[in-house]
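Trainee:
Number of protein chains: 2
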Amino acid sequence: MNQQSGSVVDSQAPEKRADKHVSLQTVERLSAYRRVLEELDRDGVDYVHSHRLAALVGVTPAQLRRDLSSFGSFGNISRGYNVYQMGRTIGRIMGTDATQAVALFGVGDLGRALLSYRGFEERGFHIAATFDVDSEKVGRVFAGRRCYGLDALETVLAEFDVHMVVLASRPEGLQALVDRIAAAGVRAFLNFVPKRITTPADCFVENTDISAKLEKLSFLVRSAIGT
Amino acid sequence: MNQQSGSVVDSQAPEKRADKHVSLQTVERLSAYRRVLEELDRDGVDYVHSHRLAALVGVTPAQLRRDLSSFGSFGNISRGYNVYQMGRTIGRIMGTDATQAVALFGVGDLGRALLSYRGFEERGFHIAATFDVDSEKVGRVFAGRRCYGLDALETVLAEFDVHMVVLASRPEGLQALVDRIAAAGVRAFLNFVPKRITTPADCFVENTDISAKLEKLSFLVRSAIGT
DNA sequence: CCTGTACTGTGATTGTATTCACAGTAGCTC
DNA sequence: GAGCTACTGTGAATACAATCACAGTACAGG
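Chains as they are written, first to last, in my numbering: chain U, 436 to 662; chain A, 436 to 662.
(1) Using a Cβ-Cβ distance under 8 Å, would Glu650(U) count as near chain A?
(2) List, in order along the chain, the chain U residues whose C-beta lies closer than 7 Å to that of Gly664(A)?
(3) The beta strand (DSSP E) that contains Gly562(U), what's its start and end?
(4) Any C-beta of chain U sitting closer than 8 Å to the C-beta of Asp532(A)?
(5) Closer than 8 Å, CB to CB, is His598(A) near chain U or not?
(6) In this structure, how does DSSP classify Phe639(U) when only helix, strand and coil are distinguished?
(7) Taking only runs of the alpha helix (DSSP H) that begin and end inside the stretch 483-567 of chain A, which ones reach a length of at least 4 residues, in chain order?
(8) Report the residues of the stretch 615-627 of chain A with a CB closer than 7 Å to any CB of chain U, ordered along the chain.
(9) Alpha carbon to alpha carbon, what distance is there between Glu556(U) and Ser505(U)?
(10) Quick check: the Cα distance between Leu491(U) and Arg470(A), rounded to an integer number of angstroms?
(11) Determine contact between the stretch 510-528 of chain U and the stretch 477-492 of chain U, defined as no fewer than three beta-carbon pairs at a distance below 8 Å.
(12) Checking 8 Å against the spacing of the C-beta atoms, do Pro629(U) and Ser646(U) come in under that value?
(13) With 16 other CB atoms within 10 Å as the buried threshold, where does Glu571(U) fall?
(14) Can you list, in chain order, the stretches of the alpha helix (DSSP H) that have 4 or more residues and sit fully within the stretch 568-645 of chain U?
(15) Whole angstroms are fine: how far does the CA of Val600(U) sit from the CA of Leu625(U)?
(16) Which value, in whole angstroms, describes the spacing of the CA atoms of Asp567(A) and Ala603(A)?
(17) Are Tyr651(U) and Glu650(A) touching if we call contact CB-CB under 8 Å?
(18) Pull up the CB-CB distance for Leu472(U) and Gly522(U), whole angstroms please, since I reckon it's below 8 Å.
(19) Which same chain residues end up closer than 8 Å to Thr590(U) when comparing Cβ atoms and leaving out the 5 residues on each side of it in sequence?
(20) Under the three-state reduction of DSSP, which class applies to Ser458(A): helix, strand or coil?
(21) To the nearest angstrom, how far is it from the Cα of Lys648(U) to the Cα of Met529(U)?
(22) Under a three-way DSSP split, which group does Val480(A) fall into?
(23) Gly584(U) to Gly543(A), Cα distance in whole Å?
(24) Is the beta carbon of Ala533(A) less than 8 Å from the beta carbon of Val597(A)?
(25) Is the Cβ of Arg575(A) closer than 8 Å to any Cβ of chain U?
(26) By alpha-carbon positions, which one of Arg477(U), Glu607(U), Pro635(U) and Tyr468(U) ends up nearest to Phe540(U)?
(27) What is the C-beta distance between Ala593(U) and Ala564(U), in whole angstroms, given that I count them as a contact (C-beta under 8 Å)?
(28) Is it buried or exposed, Thr524(A), if we count other Cβ atoms within 10 angstroms and call 16 or more buried?
(29) Compare the Cα-Cα distances from Gln498(A) to each of Gln460(A), Asp614(A), Asp476(A) and Asp481(A) and report the closest residue.
(30) Assuming Phe627(A) and Leu545(A) form a contact by the criterion Cβ under 8 Å, report the distance between their Cβ atoms to the nearest whole angstrom.
(31) Do you know whose CA, among Thr531(U), Arg581(U) and Asp569(U), lies nearest Gly559(U)'s CA?
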């Protein structure tokens, strides 16, 4: 069992990849690169140098090149990187070249907001089904997705081939729910509930604690006053 | 000007604090510590050892002690840490011992979800006012907070003494909005918009890109298959 | 075809965060 | 009150990430 803290993800053996070791922060930056590359592509840019791309993303050119080099050589030495091809490549690396089914647990305020968030579909994630414990919500349709009860958990997850879930439920009973989802074969959890969860070692958890972010900012502002 | 990437915060001089240097990840973990401490306090626990507290939070005991030692010595050598007192102390360090006013920009789906999110008030953050460009929303009241137009930006921020804002608007025109907010004296930005922003050097930005988190998980699951 | 230019990819270096391991000690036991 | 236990706080060691700096090269220009 592993426990995750903050936005840190643990895995028992992340270094056993075919390519060189890829750090977690490199992965996070890949998303940013792709977003900017798509923007450039829309603007009709064909090639971009590490300099310019790095400036647009907000990292140093060296870091950008280092990040990309983890996956091989893509850049043409004097033209730079092919915008379209690089965007596709990152998509393939991330596994977002094909649409993936995702399930949402908890159709409260936050859950409904996530349902109507366009960003997921844009990035290749389709919220295929939603779940809630509230029997009043079960059976209703939210933003085009049917809300199921927990009794249908295993069958629905299998039916839609779900391997990633988003947790936006109440903290009560969260761990038991996670255990059941993991037993159903889900490997990845995006957790918005401010409650630590434990998973089998081969699962990945990404915690997003919104209040903690504000607390961090509060600390930074406060401590900067004394400078 | 500084640009932030992922969930990384930059500051021009974070090391110029009175106490020892406090790392950003230490700050993130403080929130987790406090949450667990409050839980223990509710359960009537008076003292806790670094061992147990660390296990509950999901970090190593050494890291917990190191984190706390950045702020001085709090633990009693054989009893451990006083649960109540330590919780209060962390609150004071974070600046969440007194309620702080926060403003929300963008009352779309995500914005409304954040408005009804109880976690903010629990952690000492009060969303005092909301803003939106949509004239149809201006003047209406969402979850008890009046929605203002951008023309009232400077006066309302000053009136409620706002020093931190949450960004949940559309990407269009975001940078211009941020510039104006910063000019009005706001130092901290919690940005949910998947768009990079630039701020004066004395400001702090915390980006939360929800899709990027899912992409990261997607990559991890995919790369773990090969192990 | 040859030379110059400016870019990528990466070894070496620096900087930062985590972990180890132990000195020092408060409290408990007898 | 003396001795034992097991904990904290922290210097030292390690692991990890970012940056520097340059060797090697694809192309442009003549």
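Ideal Cβ positions, reconstructed from N, Cα and C, are used throughout, including at glycine.
Mentor: Quick look at the numbers:
(1) It does: the Cβ of Glu650(U) has a partner Cβ on chain A nearer than 8 Å.
(2) Past the boundaries of the shown model lies residue 664(A); chain A is included only from 436 to 662, so the question cannot be answered.
(3) The residue you asked about is not Gly; residue 562(U) is Ile in the sequence shown. The continuous beta strand (DSSP E) containing Ile562(U) extends over residues Phe560 to Phe566.
(4) Chain U, which has no Cβ nearer than 8 Å to the Cβ of Asp532(A), makes this no.
(5) By this cut-off, His598(A) is an interface position.
(6) In the three-state scheme derived from DSSP, where H, G and I count as helix and E and B as strand, Phe639(U) is classed as strand.
(7) List check, alpha helix (DSSP H) in window: 485-492, 496-504, 518-529, 544-550 and 554-557.
(8) Taking 7 Å as the cut-off between beta carbons, the residues of the stretch 615-627 of chain A near chain U are Arg622, Ala623 and Leu625, in sequence order.
(9) Distance between Ser505(U) and Glu556(U), taken at the CA atoms: about 27 Å.
(10) Cα-Cα distance, rounded: 37 Å.
(11) At 8 Å Cβ cutoff, the stretches touch.
(12) Yes, Cβ-Cβ distance for Pro629(U) and Ser646(U) is below 8 Å.
(13) So Glu571(U) ends up on the exposed side.
(14) Here the runs fully enclosed are 588-594 and 609-618.
(15) Going from the Cα of Leu625(U) to the Cα of Val600(U) covers about 6 Å.
(16) So the two alpha carbons sit approximately 10 Å from each other.
(17) Per the sequence shown, residue 651(U) should be read as Lys rather than Tyr. Against a cut-off of 8 Å, the Cβ pair of Glu650(A) and Lys651(U) comes out as no contact.
(18) With a Cβ gap of about 4 Å, Leu472(U) and Gly522(U) count as contacting.
(19) When the five nearest sequence neighbours on each side are left out, no beta carbon in the same chain lies closer than 8 Å to the beta carbon of Thr590(U).
(20) Residue state, collapsed to three classes: coil.
(21) Between the alpha carbons of Lys648(U) and Met529(U) lies a gap of roughly 25 Å.
(22) Correct three-state label for Val480(A): coil.
(23) The alpha-carbon atoms of Gly584(U) and Gly543(A) are separated by roughly 28 Å.
(24) No, the pair does not count as a contact, with Cβ atoms beyond the cut-off.
(25) Not closer than 8 Å to any Cβ of chain U, the Cβ of Arg575(A) fails to qualify, so no.
(26) Measuring C-alpha to C-alpha distances from Phe540(U) to each of Arg477(U), Glu607(U), Pro635(U) and Tyr468(U) identifies Glu607(U) as the nearest.
(27) 11 Å between Cβ atoms; not a contact.
(28) Buried.
(29) Nearest of Gln460(A), Asp614(A), Asp476(A) and Asp481(A) to Gln498(A), Cα basis: Gln460(A).
(30) At roughly 6 Å, the Cβ-Cβ gap stays under 8 Å, so Phe627(A) and Leu545(A) are in contact.
(31) Distance from the Cα of Gly559(U) is smallest, within the candidate group Thr531(U), Arg581(U) and Asp569(U), for Thr531(U).
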